[in-house]
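Residue numbers (our numbering): 142 to 322.
Beta carbons: idealized from backbone N, C-alpha and C, even for Gly.
All values derive from a computational prediction rather than experimental measurement.
Reading through the structure tokens given below for one structure.
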């Protein structure tokens, strides 16, 4: 799906692209390797931004929240949220999708990846460390409905059954902001 997204954005011949919730920056680097030359990452965690900058010093990484991006209106050809909306409280998803709509140019593309389900996953001790994390699992049809309500209707959807160590299906959605927006 990253390749399909990159092809769609490159075909429009406009830039830049943001990897929102970029974590260590690996997807940001992958997008650049797929031909998106003006790509940058944004993450809420200063620690993740520092890791991304060390791992990929030739790319730009900024601190920021997907609920209030420090990105001008209608300025992104594309946005990727690769397993990052799983950290958003359910009541804030509509606001996040409205924010994605705000920063995308008319005709801009959005790629979302997330685990499928109708209840969150609570993790208390991953990798032997005591933490308290909730990972939101989402229903693709509900996410598609919310994106459509935000003015970013889904153009392509892939549902993948669990593979290897995964225990739940995965969803990948490519949506596109209306050209008239």
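Here DSSP, grouped into helix, strand and coil, assigns residue 212 to coil. DSSP places residue 315 within a strand segment (E or B) once states are collapsed to three. Per DSSP, the beta bridge partners of residue 206 are 209. Contact between residue 159 and residue 220 holds: CB atoms are separated by about 5 Å, below the 8 Å threshold.
With at least 16 other beta carbons inside 10 angstroms of its own, residue 225 counts as buried. Apart from the 5 residues on each side of it in sequence, residue 176 sits with its Cβ closer than 7 Å to the Cβ of 147 and 151 in its chain, given in chain order. Secondary structure within the stretch 142-211: the alpha helix (DSSP H) runs of 4 or more consecutive residues, fully enclosed, are 143-153, 167-174 and 187-196 (chain order).
The DSSP-derived three-state label of residue 219 is strand.
Going by beta carbons, residue 314 and residue 281 fall inside the 8 Å limit. A check of alpha carbon separations from residue 157 across 183, 248, 169 and 216 identifies 216 as the nearest.
Nearest to residue 303 by C-alpha distance, out of 201, 209, 287 and 257, is 257. For residue 241, the closest of 254, 222 and 232 by C-alpha to C-alpha distance is 222. Its chain contains 291 as the residues whose beta carbon lies nearer than 8 Å to that of residue 239, once the 5 sequence neighbours on both sides are disregarded; these appear in chain order. In the three-state DSSP reduction, residue 288 falls in the helix class (H, G or I).
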